[in-house]
Every structure is written in C-alpha cells, then in structure tokens.
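Worksheet for the structure shown next.
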Amino acid sequence: MRALAILGLCIGAAIVCACVFLCMLSFSLPPDDAAYGVPFAALTDPFFLSGAILVGAVIGVISFPFVYFAVRRLRLLTTAAFIFGIVLAEIVVMTPFDRRLGFVGSLPALALALCIARFSRWRLFRPPASP
103 MRALAILGLC IGAAIVCACV FLCMLSFSLP PDDAAYGVPF AALTDPFFLS GAILVGAVIG
163 VISFPFVYFA VRRLRLLTTA AFIFGIVLAE IVVMTPFDRR LGFVGSLPAL ALALCIARFS
223 RWRLFRPPAS P
C-alpha cells in the first residue's frame, strides 16, 4: 500500500512540476513573442497542457523506483514535502534564466533531494520510534 502512495505522489508531483514549468515559461517570454502579456498562456492552450500532463506522468513513473527505494523507510509526509519543495524551487528559480536548465535541472535536483533525505540523519525524515 505504501508503494502505491509513493507512486501517486511521484506522478502527482511530476504533473504539478510540469505545469509550474509551463507557468514559468509564460512569465519569462520575450516581449516580441505573440503570447507575451497573456496570463498563463501555456496553461490555457490544450496542446501544451495535455503535453505537460503526459510528460509529467511519464517522468513520475520513471522516477518512481528511485524515489521508492530512497524513501520507503522514511517519514513520507515530511520527506515528500521536502523533495517536492527542492524540485519546485529549482524550476521556479532556473526557468527564467534558461528554459532548458529549468526542465533538465529538475532531475539532478530530485537526485540531490533524494540523497539528502536518504543519507542525512535529520530527525525530520526518520519515522517515529516504535515502543
């Protein structure tokens, strides 16, 4: 049952990150672009939105084994929030500077967040002690 919860979190978080990436792309359009000034232009286009959902779901499924083996013995709520926050911050910070780095850089950010959660001895990630 825990594996299904982690799979759902992976797919859901990847879809949300893909949609945030589209939003950041629309905020960082050059002034000579036809969609410049249209709020959330990429999210109102069904082609871009369906592509983001599809790519996000595929990336979520591909990342699932790595995420599962990294967080299977950790506290799921705080660990998932930490990992999601790191990846989301990378997308929000890097996409306005370089679009490719905002998208491709999310995978090293995920790997770094997984390593921090898995190998750090922070009590935030450890499950409560059993009596």
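Residue numbers (the working numbering): 103 to 233. Glycine included, each C-beta is placed from N, C-alpha and C at the ideal position.
Of all Cβ atoms in chain D, is any one closer than 9 Å to the Cβ of residue i?
i	result
Phe221	Here there is only one protein chain, and chain D is not present.
Below 9 Å between beta carbons: does that hold for residue i and residue j?
i	j	result
Ala154	Cys121	yes
Pro210	Gly204	no
Ala215	Ile188	yes
Would you tell me roughly how many angstroms separate the C-alpha atoms of residue i and residue j, rounded to the nearest one?
i	j	result
Ala172	Asp135	42 Å
Val169	Arg201	25 Å
Thr181	Ala105	15 Å
Ser208	Ala231	33 Å
Leu212	Ala107	18 Å
Leu109	Leu190	18 Å
Report the CB separation of residue i from residue j in whole angstroms; it is logged as a contact under 8 Å.
i	j	result
Gly162	Ile193	That belief does not hold up - the Cβ atoms of Gly162 and Ile193 are roughly 15 Å apart, past 8 Å.
(request) Count the C-beta pairs between the region 116 to 129 and the region 150 to 157 that are closer than 8 Å, then say yes if the count reaches three, no if not. (result) A contact between stretches requires three or more CB pairs, one per stretch, nearer than 8 Å, and the region 116 to 129 meets this requirement with the region 150 to 157.
(message) Can you confirm whether the region 167 to 186 touches the region 213 to 233 when touching is taken to mean that 3 or more C-beta pairs between the two stretches lie within less than 8 Å?
(response) Touching, per the Cβ criterion.
(message) To test your reading of the DSSP string, which unbroken alpha helix (DSSP H) runs of 4 or more residues are found completely within the region 170 to 233?
(response) The alpha helix (DSSP H) runs lying completely inside the region 170 to 233 and spanning 4 residues or more are 178 to 196, 201 to 206 and 208 to 221, given in chain order.
(message) Runs of 3 residues minimum, wholly inside the region 125 to 149: which ones carry the beta strand (DSSP E) assignment?
(response) As for any beta strand (DSSP E) of minimum length 3 sitting wholly inside the region 125 to 149, there is none.
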